[in-house]
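Protein chains in written order, with UniProt numbering: chain A, 1 to 228; chain B, 1 to 228.
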DNA sequence: ACCTGAACACCGTTCAAGT
DNA sequence: ACCTGAACACCGTTCAAGT
């Protein structure tokens, strides 16, 4: 029915070559998070498992459970690291520009690990960085003259738009990476069946040309609802 | 670091009591899709596996592979069934109302299987119903006087907003269901750390009060960008 | 105190063999 | 032609035992 192609699993598994043995007593949340991020960076989200993590640190896979309650707890911590990003929250004094920049930071950081985005977005939010970003954005919107209620509504709209956009971009990037590793897999998503669907056909030229510009266009549309 | 609670796995696995033996030669994509949907309806997305599917139809788990290439291909087909929903695309003649109704349909249908939403949204889109909905919405926007480019931009903004919102709602519903099955698990998401974050504290009363109204509020904000 | 190792109860998928 | 069954190469997590 769907022209479902191959899938994004299997061609890369496990972590290669433990770089250095982890001495007894030096395992910590931080060490585990770093190793997990490395595994994801090298092999994508599918390469990450308890056994890969243990292998990378040359430690028994179950040593993990001294430091995290479950794998999902580690994923939540990874999520918050990505949501935080590398840069401080923008504070130029221009509320509109700062808000836009914060959402750009979020998008950019999540897209640095595109195979991770879907994994992270299926977890409930609630990390430190997540709330810090919310507080920052809400403050900016209130500074633009919006009431708490208006600010909340507009922030949620921006955030949900941002998450949907990033999820969609990340899927495309992850699929492209998978295709690259194992060529010959067709991409169905951008051969939409435009016959019989004239309005879709007319839209095709404007799909996915430049995703950053597209992202901004949506932000602008939503921000029209804010006072100048 | 995060107040990560328990997780949504494990308490319900496998399909209970095969309702009737499936005679040789009657297995089909449709039968498999129906059984898969039943498993998800009863036990959530985690309950679905090849072995559960085989068990439910009283058939060897690997018989599946005569009809689908992979599990993900079946997930894509399930996704398109949910995206299609039960009702026909709205066509009252009021473009604005029809567009809103289509997005409500999509939200409603995805939320009927909340544990499935995250699974489905991590797959690339591209099913028949997905494109049909896109074509329908684009036609409505063009009918409101927008150019193909404007219509595409506005539709994508609405769609990404809708997906982000539904993903967020579905996570909350799925977590609530899991909490119900195994009580005592706290919800961190709606105890945001409002101390030290004054603008977040001011927003708390307006979070998650009525998610349908909230959804509509965002749609309205975005639709302000369209001509009256 | 911290880690190991075996074990448990699962996965998705392949392929030779059966009917 | 269609399905079975064993097998492969994995999972996340628990718990008694070791150091």
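Note that beta-carbon positions come from the ideal geometry of N, C-alpha and C, so glycine has one too.
Owing to the predicted nature of the structure, the values given are computational and were not obtained by experimental measurement.
- Message: Is it the case that the segment 137–151 of chain A contacts the segment 138–158 of chain B, given that we only count it when at least three CB pairs across the two stretches are under 8 angstroms?
- Response: no
- Top-ranked residue by Cα proximity to residue 226 of chain B, from B/214, B/33, B/96, B/206: Position 226 of the second chain, counted from the start, is the residue given in the question as residue 226 of chain B. Looking at the Cα atoms, B/96 is the closest of the given residues.
- Query: What residues from chain B crowd round residue 139 of chain A, counting only those whose CB sits closer than 7 angstroms?
  - Reply: Residue 139 of chain A sits at position 139 when you count from the first residue of the first chain. Per Cβ cutoff of 7 angstroms: 199.
- Any idea what DSSP makes of residue 243 of chain A, helix, strand or coil? Any property of residue 243 of chain A remains undetermined from this structure, which presents chain A solely from 1 to 228.
- Query: What three-state label does DSSP hand residue 6 of chain B in the structure shown?
  - Reply: Within the second chain, numbered from 1, the residue matching residue 6 of chain B stands at position 6. Since pLDDT at residue 6 of chain B reaches only 47, below the 50 mark, its modelled position is unreliable, and no value is offered.
- Message: Strictly under 8 angstroms for the Cβ-Cβ distance: is residue 149 of chain B near chain A by that measure?
- Response: Position 149 of the second chain, counting from 1, holds the residue named residue 149 of chain B. Among the CB atoms of chain A, one or more fall inside 8 angstroms of the CB of residue 149 of chain B.
- Message: Below 9 angstroms on C-beta distance, what does residue 93 of chain B contact in chain A?
- Response: Start at 1 with the first residue of the second chain, and residue 93 of chain B comes out as number 93. The premise fails here: residue 93 of chain B is roughly 17 angstroms from chain A at the closest Cβ pair, so nothing lies under 9 angstroms.
- Query: Are the C-beta of residue 42 of chain B and some C-beta of chain A separated by less than 8 angstroms?
  - Reply: Looking up residue 42 of chain B in the second chain gives position 42. It does not: the Cβ of residue 42 of chain B has no partner Cβ on chain A nearer than 8 angstroms.
- Message: Less than 8 angstroms between the beta carbons of residue 109 of chain A and residue 160 of chain B, yes or no?
- Response: Here residue 109 of chain A corresponds to residue number 109 of the first chain, with the count starting at 1. Here residue 160 of chain B corresponds to residue number 160 of the second chain, with the count starting at 1. Cβ atoms of residue 109 of chain A and residue 160 of chain B: not closer than 8 angstroms.
- C-beta neighbour in chain B for residue 13 of chain A, strict 8 angstroms: The residue you call residue 13 of chain A lines up with position 13 of the first chain. Because residue 13 of chain A carries a pLDDT of 44, less than 50, the predicted location of this residue cannot be relied on, and the following value inherits that uncertainty. No, residue 13 of chain A lies away from the interface with chain B (no Cβ there is under 8 angstroms from its Cβ).
- List the residues of chain B whose Cβ lies closer than 9 angstroms to the Cβ of residue 105 of chain A, in chain order. On the first chain, residue 105 of chain A is found 105 positions in, with the first residue counted as 1. Below the 9 angstroms Cβ cutoff, chain B contributes no neighbours of residue 105 of chain A, its closest Cβ being approximately 17 angstroms away.
- Can you grab the Cα-Cα spacing for the pair residue 205 of chain A / residue 104 of chain B, in whole Å? Within the first chain, the letter at position 205 stands for residue 205 of chain A. Within the second chain, the letter at position 104 stands for residue 104 of chain B. Approximately 27 angstroms between the Cα atoms of the pair.
- Between the CA atoms of residue 72 of chain A and residue 22 of chain B - distance to the nearest angstrom: On the second chain, position 22 is the one that residue 22 of chain B refers to. On the first chain, position 72 is the one that residue 72 of chain A refers to. Between residue 22 of chain B and residue 72 of chain A, the C-alpha separation is close to 37 angstroms.
- Item | Beta-carbon neighbours of residue 52 of chain A, restricted to chain B and to distances below 7 angstroms | Locating residue 52 of chain A in the first chain gives position 52, counting from the first residue. Neighbours of residue 52 of chain A on chain B: none; closest Cβ ~19 angstroms, over 7 angstroms.
- Message: Distance check for residue 191 of chain B and residue 82 of chain A, CA to CA, integer angstroms please.
- Response: For this step, residue 82 of chain A is matched to residue 82 along the first chain. For this step, residue 191 of chain B is matched to residue 191 along the second chain. Going by the C-alpha atoms only, they are around 21 angstroms apart.
- Task: Assign residue 59 of chain A to one of two classes, buried (16 or more other C-beta atoms within 10 Å of its C-beta) or exposed (fewer than that).
- Result: Locating residue 59 of chain A in the first chain gives position 59, counting from the first residue. By the 10 Å Cβ count, residue 59 of chain A comes out buried.
- Ranges of the alpha helix (DSSP H) found wholly within the segment 48–135 of chain B, counting only runs of at least 4: 50–57, 71–84, 95–111, 114–121
- Task: Give the straight-line distance between the Cα atoms of residue 84 of chain B and residue 106 of chain B, rounded to the nearest whole angstrom.
- Result: Locating residue 84 of chain B in the second chain gives position 84, where the first residue counts as 1. Locating residue 106 of chain B in the second chain gives position 106, where the first residue counts as 1. C-alpha separation (whole angstroms): 8 angstroms.
- Look at the alpha carbon of residue 147 of chain B and the alpha carbon of residue 128 of chain A, and state the distance between them as a whole number of angstroms. Working through the second chain from its first residue, we reach residue 147 of chain B at position 147. Working through the first chain from its first residue, we reach residue 128 of chain A at position 128. Roughly 42 angstroms separates the two Cα atoms.
- What is the rounded straight-line gap between the Cα of residue 130 of chain B and the Cα of residue 220 of chain B? Residue numbering aside, residue 130 of chain B sits at position 130 when the second chain is read from its first letter. Residue numbering aside, residue 220 of chain B sits at position 220 when the second chain is read from its first letter. C-alpha separation (whole angstroms): 23 angstroms.
- Is residue 196 of chain B helix, strand or coil by DSSP? Walking along the second chain from the start, residue 196 of chain B turns up at place 196. Three-state DSSP puts residue 196 of chain B in coil, outside helix and strand.
- For a contact meaning CB atoms closer than 7 angstroms, what does residue 168 of chain A contact in chain B? Position 168 of the first chain holds residue 168 of chain A. Here the neighbours are 160.
- Item | Rounded separation between residue 32 of chain B and residue 173 of chain B - CA only | One-based indexing of the second chain puts residue 32 of chain B at position 32. One-based indexing of the second chain puts residue 173 of chain B at position 173. Approximately 26 angstroms, taken between the alpha carbons.
- Item | Beta-carbon gap between residue 135 of chain B and residue 199 of chain A smaller than 8 angstroms | Your numbering for residue 135 of chain B matches position 135 in the second chain. Your numbering for residue 199 of chain A matches position 199 in the first chain. Yes, they are a contact pair.
- Message: Against residue 142 of chain A, what residues of chain B qualify as contacts under a CB-to-CB distance less than 7 angstroms, listed in chain order?
- Response: Position 142 of the first chain, counting from 1, holds the residue named residue 142 of chain A. Those are 199, listed as they occur along chain B.
- Message: Please state whether the Cβ-Cβ distance between residue 115 of chain A and residue 216 of chain A is less than 8 angstroms.
- Response: For the purposes of this step, residue 115 of chain A is taken as the residue at position 115 of the first chain. For the purposes of this step, residue 216 of chain A is taken as the residue at position 216 of the first chain. For the pair residue 115 of chain A and residue 216 of chain A, the CB atoms are not nearer than the 8 angstroms cut-off.
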